[in-house]
Amino acid sequence: MRPILPPTGVPVRRLAQTSRSVVVLSGNGLPGYREPFPGANVRMVLSSAASVVSPSRPSIAWLGDTDGLELELARRWVGELAEVVEAADVAAGDDGSRGPAAVILAGRRPGCWDLRRATAVVRRWPLAPLIGLVTSLDDGRRRSGPALPGVEEMTWSDLPGRLAWWFAERDAGRPGSLGMPATARREDRLLDAAAGIRAFAARFAPRPRIAAAATRRIDLEGLADLVGAIAGPVANRTCGRPPLDVAADLVVWDVGPTTNADLTWLRLITAHRPGLPIVVVESFPRGDTALAALRAGAAAVLGRPLSAEALAGTLLRLG
């Protein structure tokens, strides 16, 4: 069993040492938060589906900042999936090796990346998809499309799940949403993700018992439908907090805005059912609230609107 956050010494390897890579370029070190979270050492019972993840670890590179709790959490979660390659800029990362599988563009505040800097990355690695990492400080800007053309934006909480899902898609011989051309329409990416989700759901045998809980009934219905499409029918549905004696192998809980009462209830569930994986869905995940939920016993924290790829990849990552 492994903690949600790995130890501080995340291995770093050069791009030439792997056949599959994502580039993380950064000139900053990682600050604290090195202790494992209580209740974080959980494993999924969905081991039959975890076989879609390749045993080989890709290499990942990060272009930009790692300062700040949200960026550090995302950086360390990515370190669970791959070995990390870091460089101060594109020129520093040019070691003559083959290009990365994707490039992560990270910044502590909106506007850190402009078209000129993104174009320099594209010229260096023209075949690598660009991932724009979005923190909670980006909330409130326009939602009509990505801030930069050709850049696939991901929230910091969804990043590890989306990457895990994309790696699984690549291992299965499918391009996945990140492997599609940058000019692909959003509808095409949605259809591609739906086809992959259907193939993923067929791998579950036997079906795990999954419980879904949400504060509002309308949210509960949508959550149950999404979970059912990914991992089979939902065994238990609860409007409100999940019961302490929930009869399930996995719990997906849409808490909305996280309160102290929710964190207390999460600790009670963890104490009553040690090792039960609980995926917490927040309406607006921030670094401090996500860290509090992880310390209270959550296995993972995702944001709303909930992405099917992020949830499916989270199940793989926890497997």
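First residue of the sequence shown: 5, per my numbering; consecutive thereafter. From the three backbone atoms N, C-alpha and C, an ideal C-beta is built for every residue, glycine too.
| query | result |
| --- | --- |
| How many angstroms separate the CA atom of L73 from the CA atom of D292? | 7 Å |
| Given L137, which residues of its chain have a CB within under 7 Å of its CB, disregarding the five upstream and five downstream residues? | A78, I108, L109, A110, M158, W160, L163 |
| Give a yes or no on whether 8 Å exceeds the smallest Cβ distance from G244 to chain B. | Here there is only one protein chain, and chain B is not present. |
| Leaving out five residues on either side along the sequence, give the residues of the same chain with a beta carbon under 6 Å from the beta carbon of G165. | A314, G317, T318 |
| Are the beta-carbon atoms belonging to G236 and A217 less than 8 Å from one another? | no |
| Counting C-beta neighbours from all protein chains within 10 Å, is the total for I222 16 or more, i.e. buried, or is it exposed? | exposed |
| Identify, in the order they occur along the chain, each residue of the same chain with its Cβ nearer than 6 Å to the Cβ of L306, setting aside the five sequence neighbours on each side. | S161, V285, A314 |
| Rounded to whole angstroms, what is the Cα-Cα separation between P130 and T263? | 45 Å |
| Across which residues does DSSP place L306 in a beta bridge pair? | V285 |
| The beta strand (DSSP E) spanning T242 covers which residue range? | 240-243 |
| Am I right that A122 and L152 are in contact with their C-beta atoms under 8 Å? What's the rounded C-beta distance? | 5 Å |
| With 16 as the cutoff for other CB atoms within 10 Å, does G115 come out buried or exposed? | exposed |
| Mark P309 as exposed unless 16 or more other C-beta atoms lie within 10 angstroms of its C-beta, in which case mark it buried. | exposed |
| Taking the Cβ atom as the reference point for each residue, do L224 and R202 lie within a distance shorter than 8 Å? | no |
| Give me the residue from L75, I64, E87 with the minimum Cα distance to R290. | L75 |
| Report the CB separation of S106 from P133 in whole angstroms; it is logged as a contact under 8 Å. | The sequence shown places Ala at residue 106, rather than the Ser named in the question. About 5 Å; that satisfies the 8 Å criterion. |
| I think V259 touches P246, with their Cβ atoms under 8 Å apart; what is that distance to the nearest whole Å? | That pair is no contact at about 10 Å. |
| Output yes or no for whether 8 Å exceeds the beta carbon distance between L4 and A300. | Here the chain comprises residues numbered 5 to 323, so residue 4 is not present and cannot be evaluated. |
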